[in-house]
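**Q** Dumping the structure here so I can ask a few things about it.
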Amino acid sequence: MAEAPRWLLTRDFRLMWWSQVLSQVAEGVSKLALLWFVYAVTGSPLKTTVIGLLLTLPPILFGPFIGVVVDRFPKKVILIGSDLARGVLIGVIPCLVSVEHFTVASLYGLTFLYGVATALFVPTLSSVVPFMVNRPQFTAANALLQSTTSIGIILGPAASGLGIAFSGSQDVLCINALTYFASAACLLPIRLHGQEKREPSSLAEERRFFGQLLEGMRWALVSRQAILVLIVLASVYTFGSGAFTTLFPVFGRHLLGLGPVEIGYLWSWLGAGLLLASIGLVRVSAWDLARRLSVIAISSALAGVALVGVTWTQDVRIASLLVACVGLGFGTWTPIAWGIIQEVAPPGLVGRVMAVYTAVATATSMLGMTVFGWVAESFGSVPSVLGIGVVMGVLAGGTVWFRGQVGAAGVRETTPEYTHR
Numbered sequence: 034m035a036e037a038p039r040w041l042l043t044r045d046f047r048l049m050w051w052s053q054v055l056s057q058v059a060e061g062v063s064k065l066a067l068l069w070f071v072y073a074v075t076g077s078p079l080k081t082t083v084i085g086l087l088l089t090l091p092p093i094l095f096g097p098f099i100g101v102v103v104d105r106f107p108k109k110v111i112l113i114g115s116d117l118a119r120g121v122l123i124g125v126i127p128c129l130v131s132v133e134h135f136t137v138a139s140l141y142g143l144t145f146l147y148g149v150a151t152a153l154f155v156p157t158l159s160s161v162v163p164f165m166v167n168r169p170q171f172t173a174a175n176a177l178l179q180s181t182t183s184i185g186i187i188l189g190p191a192a193s194g195l196g197i198a199f200s201g202s203q204d205v206l207c208i209n210a211l212t213y214f215a216s217a218a219c220l221l222p223i224r225l226h227g228q229e230k231r232e233p234s235s236l237a238e239e240r241r242f243f244g245q246l247l248e249g250m251r252w253a254l255v256s257r258q259a260i261l262v263l264i265v266l267a268s269v270y271t272f273g274s275g276a277f278t279t280l281f282p283v284f285g286r287h288l289l290g291l292g293p294v295e296i297g298y299l300w301s302w303l304g305a306g307l308l309l310a311s312i313g314l315v316r317v318s319a320w321d322l323a324r325r326l327s328v329i330a331i332s333s334a335l336a337g338v339a340l341v342g343v344t345w346t347q348d349v350r351i352a353s354l355l356v357a358c359v360g361l362g363f364g365t366w367t368p369i370a371w372g373i374i375q376e377v378a379p380p381g382l383v384g385r386v387m388a389v390y391t392a393v394a395t396a397t398s399m400l401g402m403t404v405f406g407w408v409a410e411s412f413g414s415v416p417s418v419l420g421i422g423v424v425m426g427v428l429a430g431g432t433v434w435f436r437g438q439v440g441a442a443g444v445r446e447t448t449p450e451y452t453h454r
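For the sequence shown, my numbering begins at 34 and goes up steadily by one.
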């Protein structure tokens, strides 16, 4: 008798999912606390975006090297170590620093180190999926992992806003360390099936770190046209989405006159939209590439229209629904794009390809934060939000073009099949 399909796919994936729920809630709490602290102290949207820039700088600086580390060393150890490091950097250390010495400059330094730990975590997370689920489940697994981001956005900022209002940003960061430590504990029992199966290569080549580095970059940027196009489109996506999420407190304050509690709740609506997208993508995991790209195009266009709508309303209820539509539009890109990479790249190269993908995408995310932060400070929040809406429209058009080029791009699946329970 065939076993009924399970919502969380496999035993190891379930543990990973629960770990990510905790980790993403912790990240949602930390992000609003960090952004609000800087904005409350400086009053500058541009200085507030420095937090986002510091979080995205490590993948750009170290991304390709991180990819080699991910492919060479035990992925489980990297995941656990990253969670522990983030809990210490943005939790334990703020607890040990007096209020007088807890300055914006010190917070910038901790945020950069936190970004390094996160830069290790993200490509590792994406590269373990082929070792936990079967190929037809890749998009579903990525969507379920993204659902944890949605849950984190729904619960994290709301809890953070309440904590900031009643106790302050520093205390919120201190308590939040426990959530990261609980996330690391959930990862202890997981097993990554078939991780020892690597592509054959000579012992000398295995020892050549920079040889492996160049191999990953060549594979991602030269050998597979489809991956190169995907990276370019990812850059467009992060150019807009990264700016919107980083400047969200500024937009909420300027466009709607909201405080930290209300901004936390409004941010939760963004998470609700992401969650709806994630749930919907579980159903389309086995669709062919052209149909999945159509989903991205439609949802990106929806996000662009919703962003324009946000600039036209002062009603918080209408704005909440529009922000949920933005989340729905943002939520389709990552699970589908990650799934394509996991399907096309050999298991021994996924970490390096994902690191290159992440490095390029985060570089444009940083550029977007800088550009739209400057626009918000110089011309106001309305032109900044409208500009992000235009970017999402460009992404929709680019995805439609890519869908028409799928055959010429030479997409083919090379990931071997594993059986997981």
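Every residue gets a Cβ at the ideal spot worked out from N, C-alpha and C, and that includes glycine.
Can you tell me whether DSSP reads GLN438 as helix, strand or coil?
**A** coil
**Q** In terms of residue numbering, what span does the alpha helix (DSSP H) encompassing MET49 cover?
**A** 44-75
**Q** Rounded C-beta distance between PRO127 and LEU178? I'm assuming under 8 Å.
**A** Rounded, the Cβ-Cβ distance is 28 Å, inconsistent with contact.
**Q** Please classify ALA319: does DSSP put it in a helix, a strand, or coil?
**A** coil
**Q** At a cut of 8 Å, does the region 388-398 reach the region 318-337 through at least three beta carbon pairs?
**A** no
**Q** Are three or more beta carbon pairs between the region 254-273 and the region 154-162 nearer than 8 Å?
**A** Contact between the region 254-273 and the region 154-162 is absent: fewer than 3 CB-CB pairs across the two stretches fall below 8 Å.
**Q** So, with DSSP's three-state summary, where would you put ASN167?
**A** DSSP places ASN167 in coil when its eight states are reduced to three.
**Q** Among THR144, LEU280, GLY201, whose alpha-carbon lies nearest the alpha-carbon of SER78?
**A** The sequence shown places Pro at residue 78, rather than the Ser named in the question. Ranked by how close their Cα comes to the Cα of PRO78, the residues THR144, LEU280, GLY201 have LEU280 in first place.
**Q** Quick one: what does DSSP say LEU225 is sitting in, helix, strand or coil?
**A** coil
**Q** Give every residue of the same chain whose Cβ lies closer than 8 Å to the Cβ of SER139, excluding the five residues on either side of it in the sequence, and list them in chain order.
**A** Excluding sequence neighbours, SER139 sits near VAL130.
**Q** Is it true that the CB of ALA336 sits closer than 9 Å to the CB of CYS358?
**A** yes
**Q** So is GLN57 buried or exposed if we call it buried at 16+ other beta carbons inside 10 Å?
**A** buried
**Q** Could you compute how far the alpha carbon of ARG231 sits from the alpha carbon of GLY96?
**A** Residue placement at ARG231 cannot be trusted, given a pLDDT of 49 that sits under 50; what the coordinates show is reported in the next sentence. Each residue's alpha carbon lies about 21 Å from the other.
**Q** Using beta-carbon positions only, say whether HIS287 and SER414 come within less than 9 Å of one another.
**A** yes
**Q** Would DSSP call VAL262 helix, strand or coil?
**A** helix
**Q** Exposed or buried, SER52, counting other C-beta atoms within 10 Å across all chains shown (16 or more means buried)?
**A** buried
**Q** Please state whether DSSP places TRP302 in a helix, a strand or coil.
**A** In this structure, DSSP gives TRP302 a helical state, which the three-state scheme calls helix.
**Q** Work out the CA separation of VAL137 and ALA66 for me, nearest whole Å.
**A** 12 Å
**Q** Could you tell me which whole alpha helix (DSSP H) segments of length 4 or greater appear in the region 344-428?
**A** 349-363, 366-377, 383-412
**Q** Sorted by chain position, which residues of the same chain lie with C-beta nearer than 7 Å to LEU289's C-beta, five sequence neighbours on each side aside?
**A** GLN347, VAL349, ALA352
**Q** To which residues of the same chain is ALA253 closer than 6 Å at the C-beta, ignoring the five residues directly before and after it?
**A** ILE260, VAL386, VAL389
**Q** Give me the Cβ distance between ILE111 and VAL121, rounded to the nearest whole Å; I'm assuming they're in contact under 8 Å.
**A** About 16 Å separates the CB atoms of ILE111 and VAL121; that is not less than 8 Å, and the two are not in contact.
**Q** Buried or exposed: which applies to PRO92, given that a residue is buried once 16 or more other Cβ atoms fall within 10 Å of its Cβ?
**A** Counting Cβ neighbours within 10 Å, PRO92 comes out buried, since at least 16 surround it.
**Q** Where PHE405 and ILE421 are concerned, what is the direct C-alpha to C-alpha distance, given to the nearest angstrom?
**A** 8 Å
**Q** So, do the region 370-381 and the region 426-437 have three or more beta carbon pairs nearer to each other than 8 Å?
**A** no
**Q** Using a Cβ-Cβ cutoff of less than 7 Å, which residues in the same chain neighbour VAL269 once the five nearest sequence positions on both sides are dropped?
**A** VAL424, VAL427, LEU428, GLY431
**Q** Can you check which of these residues, LEU419, LEU94, SER63, is closest to VAL341 by C-alpha distance?
**A** LEU419
**Q** Note down, in chain order, each residue of its chain lying with its Cβ closer than 7 Å to the Cβ of LEU87, except the 5 sequence neighbours on either side.
**A** TYR141, THR144, PHE145, GLY148
**Q** Which two residues bound the contiguous alpha helix (DSSP H) that contains LEU280?
**A** Element bounds for LEU280: n/a, residue is neither H nor E.
**Q** Which residue comes first and which comes last in the alpha helix (DSSP H) that contains LEU87?
**A** Element bounds for LEU87: 78-105.
**Q** Find out if the Cβ-Cβ distance for the pair LEU308, ILE187 is shorter than 9 Å.
**A** yes
**Q** GLY148 lies in the alpha helix (DSSP H); which residues open and close that run?
**A** 137-161
**Q** Tell me which residue opens and which closes the alpha helix (DSSP H) that SER256 is part of.
**A** Careful: SER256 lies outside any alpha helix (DSSP H) and carries neither H nor E.
**Q** Would you decide whether SER200 is buried or exposed? Buried here means 16 or more other CB atoms lie within 10 Å of its CB.
**A** exposed
**Q** Which one of TRP407, VAL343, GLY381, GLY437 has the shortest CA to CA distance from LYS80?
**A** Selected option, being the one with the closest Cα: TRP407.
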